[in-house]
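Beneath this line is the structure, given in structure tokens, with notes to follow.
In my numbering, the protein residues as written are 3 to 264.
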């Protein structure tokens, strides 16, 4: 569905059902250089099991108007404006990687707007390797290839897609490389610069789930510990063989975790 935000517009997938704001809302927020399609299976399940789902394209990504925003705080403010436009007083936020930082930032600054928080592939700091940032600045396919290589566990490198005939790594490269020029570079720079995660975590007041991949080389589970320790009562699930791209690497396990939580 297209969402008019006044001077700009956003696009969100609703999981195959019309968005019903009388149902509990769940917003799914993608990571750097990606779009709503990474949540296809989770969005569809939640939408068909009593939730009002918005799997968002962030500004400049997918079918949302650009340009891409330059900081995590700006993206969180954009998310708050979207909640206002949709007349959603409270929502469960589910974010992956950069999307997890966005969700965390909003939950820490506007706790009254967030009823539950699920953070996938998150770390207190997300530094970006200079070679990756440089490739993204040059809009080279190498950047997509590096994210894909670092973002998938071993099985995802050699096939491993749960749907026969689909190529997990190849699909990830095509997804990231089709983003408009400059989008991945802006996203990576925003992640690299963000240093407020621990402070925002300390201000979170809602039930929180950390969903982590044991084989994640981009945001290893140990790097989430300062955030886990900062949120009272936070729950942690670690998927034994998943890498950073857990929504496509282990879609059923991710869906099960989110089903039980949101």
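Even for Gly, the Cβ is constructed at its ideal location relative to N, Cα and C.
Beta-carbon spacing of residue i, residue j below 8 Å
i           : j           : result
residue 31  : residue 96  : yes
residue 268 : residue 64  : What is shown of the chain runs 3 to 264, which leaves residue 268 out entirely.
residue 273 : residue 187 : There is simply no residue 273 to check, as the chain begins at 3 and stops at 264 in what is shown.
residue 110 : residue 185 : no
residue 199 : residue 126 : yes
residue 238 : residue 260 : no
residue 82  : residue 38  : no
residue 102 : residue 121 : yes
residue 232 : residue 195 : no
residue 172 : residue 220 : no
Cβ-Cβ separation, residue j to residue i (assumed contact under 8 Å), whole Å
i           : j           : result
residue 93  : residue 29  : 5 Å
residue 40  : residue 243 : Going by Cβ atoms, the distance from residue 40 to residue 243 rounds to 19 Å, so no, they are not a contact pair.
residue 240 : residue 223 : 6 Å
residue 155 : residue 217 : 4 Å
residue 7   : residue 85  : With 8 Å as the limit, residue 7 and residue 85 do not qualify as a contact, their Cβ atoms being about 11 Å apart.
7 Å CB neighbourhood of residue i in its chain, flanking five on each side removed
i           : result
residue 257 : 43, 44, 47
residue 193 : 34, 100, 103, 128, 130
residue 77  : 60, 71, 104
Cut-off 6 Å between Cβ atoms - residues of its own chain near residue i, not counting five sequence neighbours on either side
i           : result
residue 56  : 14, 29
residue 209 : 118
residue 283 : Residue 283 cannot be examined here, being either before or after the span of the chain that is shown, 3 to 264.
Classification of residue i by the beta-carbon crowding that lies within 10 angstroms, buried from 16 upward
i           : result
residue 98  : buried
residue 246 : buried
residue 124 : buried
residue 252 : buried
residue 143 : exposed
residue 11  : exposed
Own chain residues within Cβ distance below 8 Å of residue i, not counting five before or after
i           : result
residue 68  : 61, 62, 182, 185
residue 133 : 148
residue 267 : Any answer about residue 267 is impossible in this case: the structure gives the chain only from 3 up to 264.
What are the uninterrupted segments assigned as beta strand (DSSP E) that are 3 or more residues long and contained completely in the segment 72 to 142, given in chain order?
-> Listed in chain order, they are 93 to 98, 116 to 122.
Ranges of the beta strand (DSSP E) found wholly within the segment 226 to 252, counting only runs of at least 3 = 237 to 241
Complete runs of the alpha helix (DSSP H) confined to the segment 143 to 223 [at least 4 residues] | 143 to 153, 156 to 159, 170 to 179, 185 to 195, 199 to 204
Enumerated in chain order, which unbroken segments of the alpha helix (DSSP H) with a length of 4 residues or greater are wholly contained in the segment 13 to 43?
-> none
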